[in-house]
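>
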Amino acid sequence: MDKKKVIVVERISDKGVEMLKAQPDLEVDVKFDIPREELLKIVGDYDAIIVRSVTKVNEEFYKAAKNLKVVGRAGNGVDNIDIEGATKRGIIVVNTPEANVISAAEHTIGLMLASCRNTVRAQKMIESRVWDRKNLKGVELYHKTLGIIGLGRIGTLVTKRMQAFEMKVIAYDPYIPDARFKRLGVEKCETLDDLLAKADIITIHTPKTEETINMIGKEELKKCKKGVRLVNCARGGLYNEQAVAEAIQEGQVASIGLDVLVDEPKPISPLIGLDQCVLTPHLGADTVEAQDKVGISIAQEVVNVLNGQMVPNAVNLPALHPQELEGMLGYLQLGECLGKLYYQLEKDPVDKVEVVYEGPAANLETTLITRSILKGLFDPILKERVNMVNAELAAETRGVAVVEGKMNGEDRLNRVSVKISSGNKVFTAAGMVAPDETPHITEVQGYHYDLVPEHYMILAKNDDKPGMIGQMGTLLGAAHVNIANMQVARKPKTGNAMMIMTVDSPVEKVTLQMIAGLDGIQSADFVTL
Numbered sequence: 001m002d003k004k005k006v007i008v009v010e011r012i013s014d015k016g017v018e019m020l021k022a023q024p025d026l027e028v029d030v031k032f033d034i035p036r037e038e039l040l041k042i043v044g045d046y047d048a049i050i051v052r053s054v055t056k057v058n059e060e061f062y063k064a065a066k067n068l069k070v071v072g073r074a075g076n077g078v079d080n081i082d083i084e085g086a087t088k089r090g091i092i093v094v095n096t097p098e099a100n101v102i103s104a105a106e107h108t109i110g111l112m113l114a115s116c117r118n119t120v121r122a123q124k125m126i127e128s129r130v131w132d133r134k135n136l137k138g139v140e141l142y143h144k145t146l147g148i149i150g151l152g153r154i155g156t157l158v159t160k161r162m163q164a165f166e167m168k169v170i171a172y173d174p175y176i177p178d179a180r181f182k183r184l185g186v187e188k189c190e191t192l193d194d195l196l197a198k199a200d201i202i203t204i205h206t207p208k209t210e211e212t213i214n215m216i217g218k219e220e221l222k223k224c225k226k227g228v229r230l231v232n233c234a235r236g237g238l239y240n241e242q243a244v245a246e247a248i249q250e251g252q253v254a255s256i257g258l259d260v261l262v263d264e265p266k267p268i269s270p271l272i273g274l275d276q277c278v279l280t281p282h283l284g285a286d287t288v289e290a291q292d293k294v295g296i297s298i299a300q301e302v303v304n305v306l307n308g309q310m311v312p313n314a315v316n317l318p319a320l321h322p323q324e325l326e327g328m329l330g331y332l333q334l335g336e337c338l339g340k341l342y343y344q345l346e347k348d349p350v351d352k353v354e355v356v357y358e359g360p361a362a363n364l365e366t367t368l369i370t371r372s373i374l375k376g377l378f379d380p381i382l383k384e385r386v387n388m389v390n391a392e393l394a395a396e397t398r399g400v401a402v403v404e405g406k407m408n409g410e411d412r413l414n415r416v417s418v419k420i421s422s423g424n425k426v427f428t429a430a431g432m433v434a435p436d437e438t439p440h441i442t443e444v445q446g447y448h449y450d451l452v453p454e455h456y457m458i459l460a461k462n463d464d465k466p467g468m469i470g471q472m473g474t475l476l477g478a479a480h481v482n483i484a485n486m487q488v489a490r491k492p493k494t495g496n497a498m499m500i501m502t503v504d505s506p507v508e509k510v511t512l513q514m515i516a517g518l519d520g521i522q523s524a525d526f527v528t529l
């Protein structure tokens, strides 16, 4: 049998390379920093490639990589990899999101300590042969309040370590259920403003999204305690750098420790040069241990994929075997759509997800469909990409209970029903798959439809009275939004109804606000599936 070929084009640890070379059925070439022109000439010979963040795995690359089966990203972020292009070609993309979390947490704490004790300024003084202790007085962490924004994996590690310093830990994360806060001994802040007002030190551990970019700016800093200290080892731009620089000059912010900046790798920031700033060049994952873990983890992931095994860190769907997907594509699409509805219509953290399969749907490999529901539920809100393989783990680590039920029998409808609970609040949605594998949404919050989901949709709750459809259509027309399809469902005993419209383009926030302001409209939400 011919050996499968692997090429490693960016640096991973020696242990990772050794693991690959120890596989008897692999031929491994290590060509660190190979010029792109040369790589494109030879990549067609390889079954797998391992990269870091520099190599652009894009359409040009895929056209040359005719035999490629797996792209291994040694690290977490996959911004340099065209995921859709890989999926289209059946190429599996794997990464190592867990390998550097301890190093990132420890670096966060290091920056916290360095900024609280003026370590960098002290170093500069000693180098200048100055001994001036009175201007270097720091503060203790003991009994201070640490505010953590984002209580995911790294936020949790920071929590546990800083509790050992006897700090009081508070956190803001609207996507984490109350039970997890209680289990960690962390005070839950219902709003970001609540955390800002209470924290002596603030550290951010969130993904970089439209919602989180500049989440701490001029107005937010005014709401903080005077002399607050800031830390960021997550992504550049979560703090507004100009606003922080001004707040430091004004004395509102005592210090900031940053491992990430908006402009990398050539930083241009108003924070550079300020004595109150401790800056490092994105070193969060740059430890011997983390790099060993990254190298070993990505080598193992690539080996598993080439051996046809399931992998825990597959970024895209084709990590599942084709035979497992046979006859299930429509159900997987339906499940993801049902899951995606929740956090676009509700904001409460999830405690429990219950899925019931009826009729023919109950005879399928329902575990995969449940995973697709969880993928749709968590993927929009989490820093790491959630896939079919790690979706259950995402639920488990967030304290979300997942329950499956089946109702077999020829007299049963072919249906997948989802109930998502948050405390006493319940969200429901359901759907079915037609014989041609087209998914249909059949119920949302007790309103019944038969609607093929599209990429862009508007859901509007309204009073059940004449004229509602007309004024919606008029407003959307004026906003140049074309309605592709529309269905209305109602609950006659309540006097309420809900419209679902599929539209051809995104709907701007101002248009949604105008819809919500129409007479008889109770709420309006734009959903992307």
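In UniProt numbering, the protein residues as written are 1 to 529.
The C-beta atom is built at its ideal place from N, Cα and C for all residues, glycine as well.
The structure presented is a predicted model; accordingly, all values stated were derived computationally and were not measured.
Three or more beta-carbon pairs under 8 angstroms between the stretch 389-396 and the stretch 444-462, yes or no?
no
> Could you round the C-beta distance between Val-426 and Val-353 to whole angstroms and report it? I think they count as a contact, below 8 angstroms.
Within the sequence shown, the letter at position 426 stands for residue 426. Within the sequence shown, the letter at position 353 stands for residue 353. Contact between Val-426 and Val-353 does not hold, since the beta-carbon distance rounds to 11 angstroms and is not under 8 angstroms.
> Pairs of beta-carbons, one from the stretch 328-345 and one from the stretch 290-304, closer than 8 angstroms: are there three or more?
no
> Using CA atoms only, rank isn't needed, just tell me which of Gln-522, Thr-209 and Leu-332 is closest to Lys-465.
As a first step, residue 465 must be located in the sequence shown, where it is residue number 465. Looking at the Cα atoms, Gln-522 is the closest of the given residues.
> Measuring alpha carbon to alpha carbon, tell me which of Gln-23, Val-70, Tyr-62 and Val-6 ends up nearest Val-315.
Here residue 315 corresponds to residue number 315 of the sequence shown, with the count starting at 1. Measuring from the Cα of Val-315, the nearest candidate turns out to be Val-70.
> Determine the closest residue to Lys-347 out of Pro-174, Gly-236 and Leu-476, with distance taken between C-alpha atoms.
In the sequence shown, counting from the first residue as 1, residue 347 sits at position 347. Per the C-alpha coordinates, the member of Pro-174, Gly-236 and Leu-476 positioned closest to Lys-347 is Pro-174.
> Taking the continuous beta strand (DSSP E) assigned at Ile-256, which residues delimit it?
One-based indexing of the sequence shown puts residue 256 at position 256. Start and end: 253-258.
> Alpha carbon to alpha carbon, what distance is there between Ile-12 and Leu-257?
Counted from its first residue, the sequence shown places residue 257 at position 257. Counted from its first residue, the sequence shown places residue 12 at position 12. For clarity, residue 257 is Gly in the given sequence; the question names Leu instead. Approximately 28 angstroms, taken between the alpha carbons.
> CB-CB under 6 angstroms to Leu-151, same chain, minus the five flanking residues each way: which ones, in chain order?
Numbered from 1 along the sequence shown, position 151 holds the residue referred to as residue 151. So the qualifying residues of the chain are Ala-171, Asp-173 and Ile-176.
> Could you work out which residue in Glu-18, Arg-52 and Asp-25 is closest to Ile-34 when comparing CA atoms only?
The residue labelled residue 34 in the question sits at position 34 within the sequence shown. Comparing Cα-Cα distances from Ile-34 to each of Glu-18, Arg-52 and Asp-25, the minimum goes to Arg-52.
> Output the boundary residues of the alpha helix (DSSP H) element that contains Ala-64.
What you label residue 64 is simply residue 64 of the sequence shown in a count that begins at 1. Start and end: 59-64.
> Does Pro-24 pass the burial test, meaning 16 or more other C-beta atoms within 10 Å, or should it be called exposed?
Position 24 of the sequence shown holds residue 24. Classification of Pro-24: exposed, given that the 10 Å Cβ count is below 16.
> May I ask which residues mark the beginning and end of the beta strand (DSSP E) holding Asp-525?
Residue 525 sits at position 525 when you count from the first residue of the sequence shown. Asp-525: member of the beta strand (DSSP E) spanning 521-528, first to last residue.
> Please say whether Ile-515 and Met-486 have beta carbons closer to each other than 8 angstroms?
Along the sequence shown, one-based indexing puts residue 486 at 486. Along the sequence shown, one-based indexing puts residue 515 at 515. Not closer than 8 angstroms, so no.
> How about Ala-362 and Met-432: do their beta carbons lie closer than 8 angstroms?
As a first step, residue 362 must be located in the sequence shown, where it is residue number 362. As a first step, residue 432 must be located in the sequence shown, where it is residue number 432. Between Ala-362 and Met-432, the CB-CB gap reaches or exceeds 8 angstroms.
> For His-448, write down the residues that DSSP places opposite it in a beta bridge.
Residue 448 sits at position 448 when you count from the first residue of the sequence shown. Partner(s): Glu-443.
> Ordered along the chain, which non-local residues of its own chain (more than five positions away) have a Cβ less than 8 angstroms from that of Val-9?
Counting from 1 along the sequence shown, the entry for residue 9 is found at position 9. Around Val-9: Lys-31, Phe-32, Asp-33, Ile-34, Leu-39, Ile-49, Ile-50, Val-51 and Thr-55.
> Here's a check: name, in chain order, each residue in its chain whose Cβ is nearer than 6 angstroms to the Cβ of Cys-277, leaving out the five neighbours to either side.
Along the sequence shown, one-based indexing puts residue 277 at 277. Excluding positions up to five away in sequence, the list reads Ile-256 and Leu-271.
> Considering only residues of the same chain and omitting the five flanking positions on each side of Thr-206, which have a CB-CB separation below 7 angstroms?
Translated into positions along the sequence shown, residue 206 becomes position 206. Ile-149, Gly-150, Thr-212, Ala-234, Leu-238 and Lys-383, listed in sequence order.
> DSSP three-state call for Asn-482: helix, strand or coil?
Within the sequence shown, residue 482 is the residue found at index 482, counting from 1. Three-state DSSP puts Asn-482 in coil, outside helix and strand.
> Would you check if the distance between the CB atom of Leu-20 and the CB atom of Val-43 is smaller than 8 angstroms?
Taking the first residue of the sequence shown as 1, we reach residue 20 at position 20. Taking the first residue of the sequence shown as 1, we reach residue 43 at position 43. Not closer than 8 angstroms, so no.
> Could you give the distance in angstroms between the alpha-carbon of Ala-430 and the alpha-carbon of Ile-91?
On the sequence shown, position 430 is the one that residue 430 refers to. On the sequence shown, position 91 is the one that residue 91 refers to. Cα to Cα, the separation comes out at about 31 angstroms.
> Between residue 532 and Asn-76, how many whole angstroms is the CB-CB distance? I'm expecting something under 8 angstroms.
Since the displayed the chain opens at 1 and closes at 529, residue 532 lies outside it and no answer follows.
> Let me know if Asp-200 comes out buried or exposed under the rule of 16 or more other beta-carbons within 10 Å of its beta-carbon.
Residue numbering aside, residue 200 sits at position 200 when the sequence shown is read from its first letter. Result: buried.
> I'd like to know whether the C-beta atoms of Thr-423 and Ile-373 end up nearer to each other than 8 angstroms.
Sequence index remark: in the sequence shown, residue 423 carries index 423 (1-based). Sequence index remark: in the sequence shown, residue 373 carries index 373 (1-based). The question names Thr, yet the displayed sequence has Gly at residue 423. Contact flag unset, no.
> Around the C-beta of Thr-502, are 16 or more other C-beta atoms found within 10 angstroms, so that it is buried, or is it exposed?
Position 502 of the sequence shown holds residue 502. Thr-502 is buried by the Cβ-count criterion.
> For Pro-492, count the other beta carbons within 10 Å of its own beta carbon; 16 or more makes it buried, fewer makes it exposed. Which is it?
Along the sequence shown, read from residue 1 onward, the residue named residue 492 stands at position 492. In summary, Pro-492 is exposed, with fewer than 16 beta-carbon neighbours lying within 10 Å of its beta-carbon over all protein chains present.
> With a cut-off of 8 angstroms on the beta carbons, I'd call Gly-217 and Ala-243 a contact; round off their distance for me.
Taking the sequence shown and counting its residues from 1, the one referred to as residue 217 is at position 217. Taking the sequence shown and counting its residues from 1, the one referred to as residue 243 is at position 243. Going by Cβ atoms, the distance from Gly-217 to Ala-243 rounds to 5 angstroms, so yes, they are a contact pair.
> Does the stretch 154-163 come close enough to the stretch 180-189 to have 3 or more Cβ pairs within less than 8 angstroms?
yes
> In the DSSP output, which residue or residues are listed as bridge partners for Ile-500?
Here residue 500 refers to the residue found at position 500 of the sequence shown. Ile-500 is bridged to Leu-459 and Gln-487.
> Between the Cα of Val-288 and the Cα atoms of Lys-15, Gly-520 and Val-527, which residue gives the shortest distance?
Numbered from its first residue, the sequence shown carries residue 288 at position 288. Checked all of Lys-15, Gly-520 and Val-527; the closest Cα to Val-288 is Lys-15.
> What is the DSSP secondary structure of Thr-428, counted as helix, strand or coil?
On the sequence shown, residue 428 is found 428 positions in, with the first residue counted as 1. Three-state result, Thr-428: strand.
> Determine the extent of the alpha helix (DSSP H) in which Val-510 is found, giving its start and end residues.
The residue labelled residue 510 in the question sits at position 510 within the sequence shown. It spans 509-516 - the alpha helix (DSSP H) in which Val-510 sits, taken as one unbroken run.
> Let me know if Pro-318 comes out buried or exposed under the rule of 16 or more other beta-carbons within 10 Å of its beta-carbon.
On the sequence shown, residue 318 is found 318 positions in, with the first residue counted as 1. Its pLDDT being 41, under 50, Pro-318 is placed unreliably in this model, and the value from its coordinates should be taken loosely. Counting Cβ neighbours within 10 Å, Pro-318 comes out buried, since at least 16 surround it.
> Could you compute how far the alpha carbon of Tyr-447 sits from the alpha carbon of Glu-437?
Position 447 of the sequence shown, counting from 1, holds the residue named residue 447. Position 437 of the sequence shown, counting from 1, holds the residue named residue 437. For Tyr-447 and Glu-437, the distance between alpha carbons rounds to 23 angstroms.
> Quick one: Cα of Gly-138 to Cα of Ser-103, how far?
Within the sequence shown, residue 138 is the residue found at index 138, counting from 1. Within the sequence shown, residue 103 is the residue found at index 103, counting from 1. One C-alpha to the other measures close to 25 angstroms.
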